[in-house]
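To keep things clear, I will list the structure first and then write my remarks on it.
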Amino acid sequence: MSAEPPGWPPGVGLVILDETGSTNDEARLRAEAGEPGPLWIMARRQVSGRGRGGRAWGEAQGNLYATLLLRPEGGATEASLLSFAACLAIAEIFESAGGRAALKWPNDALLNGGKAAGVLLEGSGRGAAMDWLAIGCGVNLVSHPPAAPEAAHPPTDLLAETGRRLEPEAALAILAASLERWRLRLAAEGFAPLRDAWLARAARLGQPIEARLPRESVKGLFEDVDAEGALVLRTAAGLRRIHAADIYFP
């Protein structure tokens, strides 16, 4: 175990690696080996990080690559709500440095309008119970990749937007403390407080967006997020609830 920084949440472990393929893969291996969690795994460099849909996530040193390994008590639906908690915690990193955070459904965090962070949930379980859950968080602190032609938002980083250089360990301390507060609140009060806080930072709420699904694209007004975390679109045919999609802003 690594030394815990000041303000670290009690009862939560920490491992800091110089390099790994993916902190989510490291979490899976430790879960399969019997690690009980909760445990944060941070890498100073990861060489095969990924986001949603298997998209590559950068390997530059100085950015934050970290995963929280948990043994959830509920099923996959309840576990998926922790993505909102993680995004809220990342927003706190940005706001602590004077940046303007906005949250893009389902798992991106924007900084001054550019994409600077993402969350990836992975896990394993049977039926209504999960064996383990990995909440992977990647945050661009000091650098960002070039924009891809199809990117919905140009990438950016905390240093470029705010002039503040935050070390990965310091950013992780903010992330871990905030996520633990939201995780405990979710367990005690349900999704409503997280939903309210997330919607207060939601990008393009009430505005036209496009949800791209594997077999169709759905356009409409971003109406809401429901009690299960699904996106609610107001379309020409009525309200449409979407549980997974890539979101684009016209």
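Position one of the sequence shown corresponds to residue 1 (this note's numbering), numbered consecutively onward.
Yeah, the Cβ is synthetic: ideal placement off N, Cα and C, and Gly gets one too.
From a predicted model like this one, the values you see are computed outputs, not experimental measurements.
- prompt: Using the beta-carbon count (16 or more within 10 Å), is D157 buried or exposed?
  reply: Classification of D157: buried, given that the 10 Å Cβ count is 16 or more.
- request: Can you have a look at P250 and say buried or exposed, based on whether 16 or more other CB atoms are within 10 angstroms of its CB?
  value: Exposed, since its Cβ has fewer than 16 Cβ neighbours within 10 Å.
Own chain partners of G54 with C-beta closer than 6 Å, once the 5 adjacent residues on each side are dropped: Summary for G54: the model assigns pLDDT 47, below 50, so the residue's position carries little reliability; its value from the coordinates is reported in the next sentence. Apart from sequence neighbours up to five positions away, no residue of its chain approaches G54 with a beta-carbon distance below 6 Å.
task: Please determine, among P10, S2, A116, L121, the residue with the shortest C-alpha to C-alpha distance to S253.
output: Only positions 1 to 250 of the chain appear in the structure, and residue 253 is not among them; the question remains open.
- prompt: Start and end of the alpha helix (DSSP H) containing P193?
  reply: Run containing P193: 192 to 199, per the alpha helix (DSSP H) assignment.
message: Tell me whether the segment 166 to 173 and the segment 127 to 141 touch, counting them as touching only if at least three CB pairs, one residue from each stretch, are closer than 8 Å.
response: The segment 166 to 173 vs the segment 127 to 141: in contact.
message: Does S80 pass the burial test, meaning 16 or more other C-beta atoms within 10 Å, or should it be called exposed?
response: It counts as buried.
query: What is the DSSP secondary structure of E122, reduced to helix, strand or coil?
result: Strand.
Touching by the beta-carbon criterion (3+ pairs, under 8 Å), the segment 205 to 224 and the segment 175 to 194: With a cut-off of 8 Å, the segment 175 to 194 and the segment 205 to 224 do not count as touching, because too few Cβ pairs lie within range.
query: DSSP beta-bridge partners for S217?
result: S217 is bridged by DSSP to R212.
query: Would G114 pass as a contact of P72 if the rule is Cβ separation under 8 Å?
result: Going by C-beta atoms, G114 is not nearer than 8 Å to P72.
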